[in-house]
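In full-length UniProt numbering, the protein residues as written are 1 to 381. We treat Cβ as the ideally placed atom computed from N, Cα and C, and that holds for glycine. Quick caveat, the model's predicted, so the values are computed rather than measured.
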Amino acid sequence: MKRTRPTPSLSASTLPEPPPTPQPTFNAFNRRKPTNPKSLLKLTPPPTIITQSHIWSPLDLTQSELSLPLTFPTGQTFRWKQTAPLQYTGAVGPHLVSLKQVQNGDVLYCVHRTLCESSAKSALLDFLNIDISLTEIWRAFSAADARFAELACYLRGARVLRQDPLECLIQFLCSSNNNIARITKMVDYVCSLGTYLGGVEGLEFFEFPSLERLSVVTEQELREAGFGYRAKYITGTVNALQSKPGGGVKWLESLRKSDLPVVIDALSTLPGVGPKVAACVALFSLDQHHAIPVDTHVWQIATRYLVPELAGSRLTPKLCSRVAEAFVSRYGSYAGWAQTLLFIAELPSQKAIIPSHCQTTTKENKSSKRKESQIYAGKLE
1 MKRTRPTPSL SASTLPEPPP TPQPTFNAFN RRKPTNPKSL LKLTPPPTII TQSHIWSPLD
61 LTQSELSLPL TFPTGQTFRW KQTAPLQYTG AVGPHLVSLK QVQNGDVLYC VHRTLCESSA
121 KSALLDFLNI DISLTEIWRA FSAADARFAE LACYLRGARV LRQDPLECLI QFLCSSNNNI
181 ARITKMVDYV CSLGTYLGGV EGLEFFEFPS LERLSVVTEQ ELREAGFGYR AKYITGTVNA
241 LQSKPGGGVK WLESLRKSDL PVVIDALSTL PGVGPKVAAC VALFSLDQHH AIPVDTHVWQ
301 IATRYLVPEL AGSRLTPKLC SRVAEAFVSR YGSYAGWAQT LLFIAELPSQ KAIIPSHCQT
361 TTKENKSSKR KESQIYAGKL E
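Below you can see the structure in the form of structure tokens.
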């Protein structure tokens with residue numbers, strides 16, 4: 001299901017003079033400048049050479065391959081912000097990028113800050129998992145499942161991202177028993193510890209902090225910032241990663257070459273990482289395309305359409321495995337992508353674009369905005 005990645009092209013246009021070196025600001029919720037002297041010493045300095053552009057260029061992606069509203073605000077990542085109608089902005093490594101969906105469905109991109117424009121585009125395409133043809137795998141899903149085929153007509157372009165593993169892991173540690181607004185504030189706080197990249201439409205963006213930078217953040221700092229019990233999981237996981245032979249970042253990246261059971265077991269050794277968080281990290285950052293994050297909401301989908309004989313049972317670890325197996329049995333090696341669309345279809349925000357005959361009518365789907373926030377965040381575990 002791989003598709004040929006377009007070769008990035010360099011623009012011949014002359015870039016404007018580099019702006020003055022930006023300084024980090026600290027405006028996240030309950031943000032305090034670090035009192036730990038080590039923290040002050042190890043703040044990542046901003047890059048000294050930055051190019052800046054406000055040119056929108058085509059990304060050679062149609063809506064059938066990427067729908068921004070069905071990809072970014074649906075619980076995969078909490079770092080990208082909506083900066084205009086059908087426009088989302090975020091950091092991909094050291095690059096600050098915006099994506100915009102135009103009227104005909106095509107996607108444009110704009111690199112606001114980068115050290116190298118061609119590297120920014122290459123990193124963006126990798127982040128968007130562009131080697132995988134959504135059209136092809138959806139065609140296979142539709143042939144295997146009539147309900148998927150019906151929904152796919154209205155939810156085109158719901159793509160699974162390929163995030164940096166460390167970023168993805170820390171984000172989902174923040175998501176434990178939480179709501180989307182609070183998760184976003186926590187993730188914003190963590191990001192503010194990294195290099196300041198710039199502002200877009202009044203919002204500030206940062207490169208995700210390195211593992212070394214995170215290692216000097218104390219549990220007390222995170223608790224004072226409102227992380228609660230998750231503070232010990234984040235600092236504990238950072239310490240565990242630092243102890244890995246060859247370094248924690250390389251250890252995480254090496255899991256992309258392992259089988260899913262090995263990945264889940266390895267991630268589950270980290271503090272605060274249970275089966276659902278491990279499956280989310282595996283699916284959204286480690287190339288484990290058949291990973292199925294199972295919570296109560298996914299359980300409801302499964303018992304309604306895949307394993308109705310389990311309806312009424314209590315969700316247990318053993319039944320979580322059976323649900324995951326049911327998804328893989330139906331959808332194959334990209335089952336996680338199919339599960340993502342079925343999950344999105346249940347969100348109240350999508351009811352307006354799905355005809356009533358395609359919608360479920362059970363009471364749990366007559367949801368409020370508050371419940372949607374919980375669903376995104378995995379609070380219904």
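Problem - Closest by C-alpha distance to Ser67, when choosing among Asp106, His95, Trp56 and Thr184 - result: Asp106
Problem - Other residues of its chain near Leu211: CB distance less than 8 Å, five sequence neighbours each side excluded - result: Leu166, Val238, Leu241, Gln242, Gly247, Gly248 and Val249
Handout entry: Whole-angstrom distance between Val323 and Gln82, CA atom to CA atom
Key = 33 Å
Practice task
Could you tell me the distance, in whole angstroms, from the CA atom of Gly274 to the CA atom of His297?
Solution key: 17 Å
Handout entry: Beta-carbon proximity of Leu270 to Ile301, cut-off 7 Å
Key = no
Exercise for the section: Indicate whether Ile91 and Phe205 have their beta-carbon atoms separated by less than 7 Å. Expected result: Residue identity differs from the one stated: residue 91 is Ala in this sequence, not Ile. Cβ atoms of Ala91 and Phe205: closer than 7 Å.
Problem - Opening and closing residue of the beta strand (DSSP E) in which Arg156 lies - result: Unbroken run through Arg156: none, as it is neither H nor E.
Practice task
Measure how close the beta-carbons of Trp251 and Lys257 come, nearest whole angstrom, since I'm counting them as under 8 Å.
Solution key: Not quite, the Cβ-Cβ distance comes to about 12 Å (not below 8 Å), so this is no contact.
Practice task
Work out the CA separation of Ala311 and Ile234 for me, nearest whole Å.
Solution key: 35 Å
Problem - Arg162 in three-state terms, based on DSSP - result: coil
Problem - Cβ neighbours of Arg156 in the same chain (closer than 7 Å, five flanking residues each side left out) - result: Gln63, Ser64 and Ser67
Exercise for the section: Could you check the C-alpha separation between Cys116 and Ser349 for me, to the nearest Å? Expected result: 37 Å
Exercise for the section: Compare the beta carbon distance of Gln163 and Phe72 with 7 Å and say whether it is the shorter of the two. Expected result: no
Exercise for the section: Work out the CA separation of Ser118 and Lys185 for me, nearest whole Å. Expected result: 31 Å
Handout entry: Where Ala84 falls, given that 16 or more other Cβ within 10 Å makes a residue buried
Key = exposed
Exercise for the section: Would you kindly work out how many angstroms separate the C-alpha atoms of Leu125 and Ser313, rounded to a whole number? Expected result: 42 Å
Handout entry: Any 3 or more C-beta pairs closer than 8 Å across the region 219-235 and the region 195-205
Key = no
Problem - Delimiting residues of the beta strand (DSSP E) encompassing Ser192 - result: From DSSP, Ser192 is part of no beta strand (DSSP E); its letter is neither H nor E.
Handout entry: C-alpha gap between Thr35 and Val216, whole angstroms
Key = Confidence at Thr35 is low in this model, with a pLDDT of 43, below 50, so its placement is unreliable and the value that follows should be read with caution. If you take the alpha carbons of Thr35 and Val216, they lie about 11 Å apart.
Exercise for the section: May I ask you to list the residues that DSSP assigns as paired with Cys110? Expected result: Ser98
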